[in-house]
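Numbering (our numbering), first residue to last: 413 to 614. A short worksheet on the structure shown next.
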Amino acid sequence: ATPPGSAAAAVSASVTATASASGGAPTRPYERLLPVADLSAQRLLTADQVAASKYRYPAPPGGGTDSPIDDPVRERQVLEAVAGQARELGADPEATVRVFRDQIEANKLVQRGLFRRWDADPAQAPTERPDLSKVRLEINRINGELVRAIADSAGARAERSCAGRLTAAAAHTRHDRLLDALHTAALERSLRSVCAATAGRR
Ligand SMILES: O=C(O)C(=O)C[C@]1(C(=O)O)C=C[C@@H](O)C=C1
413 ATPPGSAAAA
423 VSASVTATAS
433 ASGGAPTRPY
443 ERLLPVADLS
453 AQRLLTADQV
463 AASKYRYPAP
473 PGGGTDSPID
483 DPVRERQVLE
493 AVAGQARELG
503 ADPEATVRVF
513 RDQIEANKLV
523 QRGLFRRWDA
533 DPAQAPTERP
543 DLSKVRLEIN
553 RINGELVRAI
563 ADSAGARAER
573 SCAGRLTAAA
583 AHTRHDRLLD
593 ALHTAALERS
603 LRSVCAATAG
613 RR
């Protein structure tokens, strides 16, 4: 019995639109940030496979050499792909790329940490070499989901309380994913720019 075109009808239409955009529930910022933290952890867990694919293996004669951890060509491909995906979603490609630069740095932190661990204790070193191209397919899949989580969390990332909520989301993720100290430090590194939507503003 609300006359169409009345102020009440306009309010009720906008409430309906908001509710359906967020799956029927009001938008809860923590629930928007949690997938960003969880997907970042999933991405970091792939670093173990990447490192294993690059670590030297004893090869006759005299043993093998490591492949470089840094692959600037692949990094550019990742950043271009995620910028394109963000644009397709109508999201901010620059903010997305900022977050992914940190994701890549964090991935390298894990790889370097594992190389050190395996050098110090060869008994922990991997015995099988994963196929890097297969691991990258998994990374691509996570990248796509993470681009969407970054897009879906635009509001939450712009709020003043983002940093506190993100810290809570990272702590939850750390326990949920059973992260060790190396992966926990890398998770923190990977999330550095997530709340930076408000960086430089007060
Ligand atoms: O794909 C690789 O070779 C990785 O090491 C992963 C990754 C990434 O995080 O996407 C990290 C470092 C490389 O420079 C390129 C890409």
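Where is the CB? At the ideal position from N, CA and C, for every residue including glycine. Every value quoted in this text rests on a predicted model; they were computed, and no experiment measured them.
{"Asked": "For Ala-563, name the three-state secondary structure that DSSP assigns.", "Found": "helix"}
{"Asked": "Determine the direct distance from the alpha carbon of Ala-582 to that of Leu-591, and round the result to whole angstroms.", "Found": "10 Å"}
{"Asked": "For a quick check, are the C-beta atoms of Ala-515 and Ala-463 less than 8 Å apart?", "Found": "A small fix is needed here, since residue 515 is Gln in this sequence, not Ala. Their beta carbons are not under 8 Å apart, which means Gln-515 does not touch Ala-463 by this criterion."}
{"Asked": "Taking only the alpha-carbon atoms, compute the straight-line gap between Asp-482 and Arg-548 and give it to the nearest angstrom.", "Found": "14 Å"}
{"Asked": "Kindly give me the distance between the Cβ atoms of Tyr-467 and Pro-534, rounded to whole angstroms, as I take these residues to be in contact under 8 Å.", "Found": "Going by Cβ atoms, the distance from Tyr-467 to Pro-534 rounds to 10 Å, so no, they are not a contact pair."}
{"Asked": "Check whether the segment 575-589 and the segment 505-521 are in contact - that is, three or more C-beta pairs closer than 8 Å.", "Found": "no"}
{"Asked": "So does Glu-487 have its beta carbon nearer than 7 Å to some heavy atom of ligand 1?", "Found": "yes"}
{"Asked": "Kindly indicate which residue of Pro-441, Leu-558 and Arg-440 has the alpha-carbon position closest to the one of Val-490.", "Found": "Leu-558"}
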